[in-house]
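In the numbering used here, the protein residues as written are 15 to 202.
Put into structure tokens, the structure is as follows:
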């Protein structure tokens with residue numbers, strides 16, 4: 015049985031430096047490495063969110079930063095992206111995980127183990143106070159928005175994903191989240 019602090023100290027000794035390993039109920043669990051489609055979603059979403067934020071906005075994004083979701087035994091999840099609205103913007107730079115609660119978590123269900131554990135992950139995020147969880151599914155090319163206080167809403171195709179409360183200037187066509195980035199194809 016391992017605590018979150020012990021996991022943080024030993025993570026770099028795990029296969030792939032622990033990059034695909036989480037702590038679940040005090041035990042390490044290694045996930046399958048994500049595929050290129052997972053990366054496309056993260057790149058497209060991060061670019062869209064970054065271009066919508068200004069230095070005076072309270073929101074800021076972190077990537078692959080652990081979130082402590084359960085204590086005793088500890089669970090540390092590593093969502094693709096977390097958006098915070100409080101705390102030091104740079105507190106998570108050298109951290110393996112944080113205990114402050116993000117306003118938004120983005121998960122990409124690109125592998126079978128991520129897909130089968132998503133209900134548990136969403137439950138944990140909502141239980142610690144995360145208001146919104148966005149679940150991107152590269153296979154169906156859909157984004158499901160799960161809020162603590164309402165029914166899930168799924169976006170696909172030309173439907174526009176936005177969050178005018180948390181990210182006032184953010185908006186993107188759902189299909190654009192799943193496209194291979196133009197710069198990756200050598201286009202401008």
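Glycine is no exception: its CB is placed at the ideal position from the N, C-alpha and C atoms.
Contact between the stretch 38-53 and the stretch 175-186 is absent: fewer than three C-beta pairs spanning the two stretches fall below 8 Å. Using a Cβ distance threshold of 8 Å, residue 55 and residue 192 count as a contacting pair. Residue 69 and residue 103 have their C-alpha atoms spaced approximately 11 Å apart. Bridge pairing for residue 185: 176 [DSSP]. Under DSSP, residue 150 takes part in a beta bridge, and its partners are 122 and 157.
Here residue 131 is buried. Its C-beta has 16 or more other C-beta atoms within 10 Å. In the three-state reduction of the DSSP assignment, residue 41 falls in the strand class. The straight-line gap separating the alpha-carbon atoms of residue 20 and residue 91 is approximately 15 Å. The C-beta distance from residue 136 to residue 148 rounds to 10 Å, too long to fall under 8 Å, and the pair is not in contact. A check of alpha carbon separations from residue 60 across 95, 83, 32 and 33 identifies 95 as the nearest. Within the same chain, Cβ atoms closer than 8 Å to the Cβ of residue 170 are found at 154, 155, 156, 157, 188 and 189, the five residues on either side in sequence being excluded. Residue 29 counts as exposed, since fewer than 16 other C-beta atoms from the protein chains shown sit within 10 angstroms of its C-beta.
Considering only 162, 195, 151 and 144, the residue with the shortest C-alpha distance to residue 81 is 144.
Rounded to whole angstroms, residue 33 and residue 22 show a C-alpha spacing of 12 Å. Residue 88 sits away from residue 42, with the two beta carbons spaced by 8 Å or more.
DSSP places residue 28 in the coil class of the three-state scheme, outside both helix and strand. Secondary structure note for residue 80: its beta strand (DSSP E) is the uninterrupted segment 80-84.
Remark: C-beta atoms of residue 124 and residue 152 approach each other more closely than 8 Å.
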